[in-house]
Amino acid sequence: MRFRTLSLLLAGLVLPLALACSGSSSSSGAAPAPAKSLSYSDPSGTGWRLVKDASSTGTRIVLDLVGPSGTKTRGVGFNLQAPPKVKFGVFANGLPINDTGVYKLLSAAADPTEPVALTGGVKTGNLLSVGIYQKDRVQPAQDSGSPLCQIAIVLDSAQGISAGDALQLQVVKAKAIPEDIGAVSDDLWTLDKKMRMADITIATGSLTAN
Amino acid sequence: MRHTLPRPHLGPLPSLVFALASGASFSALATTPQLPPVPLAAIKSQEPAAIAQAKASLLQLSPQLRLGSDTDFLPHDTFVNAQGRTVVHFHQLYQGRRVWAGEAIAHVEADGGIQTVTSGIKSGVSVQGAPRLSADDATKAALRNLAPKGAMAAAPKVELVAFPSSFTGGIATRFDPNKKAEVFDKTMSTWAKAPSDPYVWAYEVRTLLSNKQDGHQEMSYIVDAGTGAILRKWNAIQGDTPATGTGQSYYRGTVNLSTAQAPGGTYTLDALDRGTLPNPYVAAQGVTQLGLTIYYGYIDMNTGNIGFLPYSGHATNTWGDGTVFPSPWDFSMGVPILDYSADGSKAWLQGALTPSGETAAVDAHFGLSTTWDFYKNVFGRNGVDGLGTSTFGIVHTIVFSPFGAAPLQDNAQWSPWYFGMQFGDGTYPTLSFGMKAVTEMDITGHELSHGVTEYSAALIYAGESGALNEGNSDFFGKMVQAYADGGSLGTSVPDFPAGDLTKWEVGRNSVPSGALRYMYKPSLDGLSADGWYDGMEMLDVHFSSGVLNRCMFFLSEGASSDPSNLTYSAYLPSGMTGLGNDTAARIWYKTLTEHLTPNATFDDARAGAIQSADELYGVGSPQETAVMDAWAAVNVGSAPGQPARVRVTFPVINAAGSFLDAHAVPSGILDKVQIFPTGATVQVQCSVTNTTNTGVDWSLATPREGNQVGNINPDGTWTTPSWSFYGDLVAITATSQADPAEFAKGRMLLMELDADTDNETDAIDLGSVAMAWGLPQAPHPAAAIAGNSVSDWDLVFFDQAFGNAFPVK
Chain S
1 MRFRTLSLLL
11 AGLVLPLALA
21 CSGSSSSSGA
31 APAPAKSLSY
41 SDPSGTGWRL
51 VKDASSTGTR
61 IVLDLVGPSG
71 TKTRGVGFNL
81 QAPPKVKFGV
91 FANGLPINDT
101 GVYKLLSAAA
111 DPTEPVALTG
121 GVKTGNLLSV
131 GIYQKDRVQP
141 AQDSGSPLCQ
151 IAIVLDSAQG
161 ISAGDALQLQ
171 VVKAKAIPED
181 IGAVSDDLWT
191 LDKKMRMADI
201 TIATGSLTAN
Chain L
211 MRHTLPRPHL
221 GPLPSLVFAL
231 ASGASFSALA
241 TTPQLPPVPL
251 AAIKSQEPAA
261 IAQAKASLLQ
271 LSPQLRLGSD
281 TDFLPHDTFV
291 NAQGRTVVHF
301 HQLYQGRRVW
311 AGEAIAHVEA
321 DGGIQTVTSG
331 IKSGVSVQGA
341 PRLSADDATK
351 AALRNLAPKG
361 AMAAAPKVEL
371 VAFPSSFTGG
381 IATRFDPNKK
391 AEVFDKTMST
401 WAKAPSDPYV
411 WAYEVRTLLS
421 NKQDGHQEMS
431 YIVDAGTGAI
441 LRKWNAIQGD
451 TPATGTGQSY
461 YRGTVNLSTA
471 QAPGGTYTLD
481 ALDRGTLPNP
491 YVAAQGVTQL
501 GLTIYYGYID
511 MNTGNIGFLP
521 YSGHATNTWG
531 DGTVFPSPWD
541 FSMGVPILDY
551 SADGSKAWLQ
561 GALTPSGETA
571 AVDAHFGLST
581 TWDFYKNVFG
591 RNGVDGLGTS
601 TFGIVHTIVF
611 SPFGAAPLQD
621 NAQWSPWYFG
631 MQFGDGTYPT
641 LSFGMKAVTE
651 MDITGHELSH
661 GVTEYSAALI
671 YAGESGALNE
681 GNSDFFGKMV
691 QAYADGGSLG
701 TSVPDFPAGD
711 LTKWEVGRNS
721 VPSGALRYMY
731 KPSLDGLSAD
741 GWYDGMEMLD
751 VHFSSGVLNR
761 CMFFLSEGAS
771 SDPSNLTYSA
781 YLPSGMTGLG
791 NDTAARIWYK
801 TLTEHLTPNA
811 TFDDARAGAI
821 QSADELYGVG
831 SPQETAVMDA
841 WAAVNVGSAP
851 GQPARVRVTF
861 PVINAAGSFL
871 DAHAVPSGIL
881 DKVQIFPTGA
891 TVQVQCSVTN
901 TTNTGVDWSL
911 ATPREGNQVG
921 NINPDGTWTT
931 PSWSFYGDLV
941 AITATSQADP
951 AEFAKGRMLL
961 MELDADTDNE
971 TDAIDLGSVA
981 MAWGLPQAPH
991 PAAAIAGNSV
1001 SDWDLVFFDQ
1011 AFGNAFPVK
């Protein structure tokens, strides 16, 4: 798995560089203008996808993770590969992932101080890795058709982004906790077989610097 | 003392029972076994019939005793003795009222026959008329005589009785230990003329005083129900008198002991002059213990519980033989060897009541008595709580563990529940490296001082306050030793001989080689701290106490300016002159009792000590300067003229109120632990203040022998090892490059986060943890980061480790 991750990482690095060179050679020779804003076009389809949230601004794109309507899950995590010039933003919770309230993160007998299964970070190579999960098996699985969590991409002039840069985003790994994860009363063998996160594919849209 | 041994766990103590034997058996050992349980139970079931049989027999005697039909007998105490006889105690009644001192004891055989009747029955009882005074009148008369200074502890108990006039009191005497003679006791004498009738109606009024002004008194009165005269008065506390015995101790040679002499002439290891209020734990068992008493541990053979019995019933007032108590241990069976009481119901360590066994009791008694006197004479403190509440020490304690009962304990404890102390026998010579009886003077002083702390600053026994608690006991243990060395006289603390560092070694004579702790250079034990550093809370309080121990040594004895001297401190290179024991003790006692609160830190202690020095000797006094110097010499604050110290600290990760702070035991133990995943490049955090050179030198150590942890780069980045297990602690030290004497010690926790075992650490792994949350046995062991079952701990550990390794920049 590490080798696969590495190869994807290299692919992600090479592509934006090639695009930058291409943009430069086709211009009239003037230096590209620094980007002043970002734009994002949602992907098509009704499956798992990252769509632009209405709270987005010109310099901060908030992306909602939305799943197929009718599919129930208990949590989701994914790794998003982005070019080096892309900077991920953090939310008020200090994390690069924001809870939209669909998943019941606290246990049924909620203690307001209890920790939740919500985490995120940026690994080497600008790989965003985030996850949000229900931990209490008593809590029912949730319909995935509405925004389940959010991530953010911010324009950072220090990153040297130029207007016209196309910044490719790619979800290289994603998994969701399915509705059926077995019952505690199951024997360990059955439980072990059912307690598997399901692979999912998350579509991304087009991110462009302007 | 809870000395150098680490505390792997703290479990609940076995339930304890208390028993006081009046005249414990010193000679009869295991000669008459108890009846088997079944016959004993059968006899006991016949108790009501036995009582009825005995009562009928007594009533049959009435004509011979010139007792009329208004006579009756009331059973009030019944038991089955070791011989299987039912013993019944009866009050004699006249017209339904108790005849004062009228008593009969019947022994009923198992077959119902009356074996013996021990008769104290009063014959010819007849009382003329009816009581003229009410119970309230009698109570008022008694209280006028009592003249209490403080509040009554309870309402007086009043009972109308038929009183034999022949028992009217008169002149009382008492033993004067100073004159060594019986002298006239004006307080206890009564002056009423005996009534002319042989029996009169009277009220027995029993009172209880237990307060600071009056001490503990249980005066009882007989008030004539016709005239209000006090016919008799006595102290209901059974009247032992103070005596002075001689003991052969192990640690202090021949010593004088304050003891108690019972009316029968026997002696008890009870210093009646040290403690005027009853011990609360003993009182809860229905027994009054006044004075500082020494007990020995025993096992109740019926219940298996542990209790303690007094060293009493001693025919002579000489105790011990000064020898080491040989551990009664059966190597072949791995069990303690026991002696048994005559009825087989109690067992104690073999030899505990022999002169050799008494030796530990002598040392404990002398040590605790000296400690009591030290606090009273030097500081005017009346015992542990300042109120004169009686305390005690238990020697030959028996320790229960999962492996059974054992006498081998290299330890001593102050027990808040007991308001008393326990002292182990030590494992020497069973173990050549073990301790001798843990009753050396500085140790007995140490333990009682824990009690003083509990009733003054109440320092919490963890973290820096715990270190202060332990250090305080070490220091005052030494001051008690100095007081004893000086003859236990006067109101000041003598100095130790100049330059004799062994006097500042805790348990110097208890440990065959070396000592428990070295106050002049605590790190000589290999674990204790010579000065404060960030991260000290990770040390056991017996080792972090080194800071206060060395500070108080410096304050008393001074510090050398010679780097090769053991009393040199790199934090105070110029050294300092000590103030002597007495001044140091007074400053610190005032600090403890007036300026420290339960969660005090070393900084608080320094501030409190400066305040104390100011109050005692004046602001700007040499004593105040010495206090500042002594604390500076252990890296707490700066000495006058010194710049602010360079400080190296690790950041607080889990502040008060956070999940890991709230759930860790003790609270705060994880507040600075940095958590990282294995096999990742991370940034270790550390701050250096009060200098422009913020560079540090890093060093790592791991408890896992043989595992390589790599090196931290100068900029704090570190590639963590790729261990494949769920967690381990790595010790880290950051030493200031600007001042190598300043450093911080911390712990980092390494976690294997690949919970879905796909050889990649990412946030998706947290999903596996969440799926297994709450399961006692996670299907995927890797999902259990912090233990076998998956809980909120795993979530927090994961989140912190992941965030620390992969921050959003």
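First to last, the protein sequences are chains S and L.
Those letters in the first sequence? Residues 1 to 210, by the numbering used here.
Those letters in the second sequence? Residues 211 to 1019, by the numbering used here.
Note that beta-carbon positions come from the ideal geometry of N, C-alpha and C, so glycine has one too.
The C-beta distance from H299 of chain L to G312 of chain L rounds to 12 Å, too long to fall under 8 Å, and the pair is not in contact. For C896 of chain L, the three-state secondary structure derived from DSSP is coil.
Between A117 of chain S and chain L, the shortest Cβ-Cβ separation is below 8 Å. Counting C-beta atoms within 10 angstroms of its own C-beta, I509 of chain L has 16 or more neighbours from the protein chains shown and is therefore classed as buried.
Boundaries for Q338 of chain L: no beta strand (DSSP E) harbours it, and the DSSP string shows neither H nor E there. Contact residues of the segment 135 to 159 of chain S toward chain L are K135, D136 and R137 (C-beta to C-beta distance below 8 Å). With respect to the C-alpha of P639 of chain L, the residue from L:F541, L:A780 and L:K955 having the closest C-alpha is L:F541. Secondary structure note for K175 of chain S: it is in no alpha helix (DSSP H), and the uninterrupted beta strand (DSSP E) holding it is Q170 to P178. Under a criterion of Cβ atoms nearer than 9 Å, no residue of chain L is adjacent to I200 of chain S; the nearest Cβ is some 11 Å distant. Between V856 of chain L and chain S, the shortest Cβ-Cβ separation is not below 8 Å. Annotation: the segment 506 to 557 of chain L contains the following complete segments of the beta strand (DSSP E) (minimum length 3 residues), in chain order: 516 to 520 and 548 to 550. By the neighbour-count definition (other C-beta atoms within 10 Å, threshold 16), P473 of chain L is an exposed residue. Within the segment 111 to 169 of chain S, the beta strand (DSSP E) runs of at least 3 residues that lie entirely inside it are, in chain order, 117 to 123, 127 to 133 and 149 to 154. Counting C-beta pairs closer than 8 Å gives three or more between the segment 136 to 154 of chain S and the segment 99 to 116 of chain S, which meets the contact rule. Close to W627 of chain L, with beta-carbon spacing below 8 Å, lies no residue of chain S; the smallest spacing is near 32 Å. Short of 7 Å from the beta carbon of F686 of chain L, and not among the five residues preceding or following it, lie these beta carbons of its own chain, in chain order: G655 and S659. As the crow flies, the alpha-carbon of L207 of chain S is around 44 Å from that of T899 of chain L. About 5 Å separates the Cβ atoms of G847 of chain L and R816 of chain L, confirming a contact at the 8 Å cut-off.
Distance between L1005 of chain L and T124 of chain S, taken at the CA atoms: about 23 Å. If you check each beta-carbon in the segment 71 to 84 of chain S against every beta-carbon of chain L, the ones closer than 9 Å belong to R74, G75, V76, G77, F78 and N79. In this structure the segment 601 to 610 of chain L lies against the segment 635 to 651 of chain L, because at least three pairs of beta carbons, one per stretch, are closer than 8 Å.
Sixteen is the threshold: when 16 or more other Cβ atoms of the shown chains lie within 10 Å of the Cβ of L118 of chain S, as they do, the residue is buried. In the DSSP assignment, A865 of chain L forms no beta bridge with any residue. In this structure, V309 of chain L keeps its C-beta atom at 8 Å or more from the C-beta atom of A260 of chain L. Residues of chain L with a Cβ closer than 9 Å to the Cβ of E114 of chain S are, in chain order, F869, D1002 and L1005.
Taking 8 Å as the threshold, the shortest C-beta distance from L419 of chain L to chain S does not fall below it. Within the segment 873 to 889 of chain L, no residue has its Cβ closer than 9 Å to any Cβ of chain S.
Within its own chain, the residues whose Cβ lies closer than 6 Å to the Cβ of Q170 of chain S, once the five positions on either side in sequence are excluded, are Q81, listed in chain order. Your pair D282 of chain L and L303 of chain L checks out as a contact, with CB atoms roughly 4 Å apart and the cut at 8 Å. In the structure shown, L502 of chain L falls within a strand segment according to DSSP collapsed to helix, strand and coil. Minimum Cα-Cα distance from W908 of chain L among the listed residues L:Q895, L:T902 and L:T901 corresponds to L:Q895. The segment 524 to 534 of chain L and the segment 554 to 567 of chain L touch, with three or more beta-carbon pairs separated by less than 8 Å. About 7 Å separates the CB atoms of N791 of chain L and P704 of chain L; that is less than 8 Å, so the two are in contact. Assignment of beta-bridge partners to Q884 of chain L by DSSP yields L:M958. Short of 6 Å from the beta carbon of W714 of chain L, and not among the five residues preceding or following it, lie these beta carbons of its own chain, in chain order: M729, Y730 and F763. At a cut-off of 8 Å between C-beta atoms, V184 of chain S counts as an interface residue with respect to chain L.
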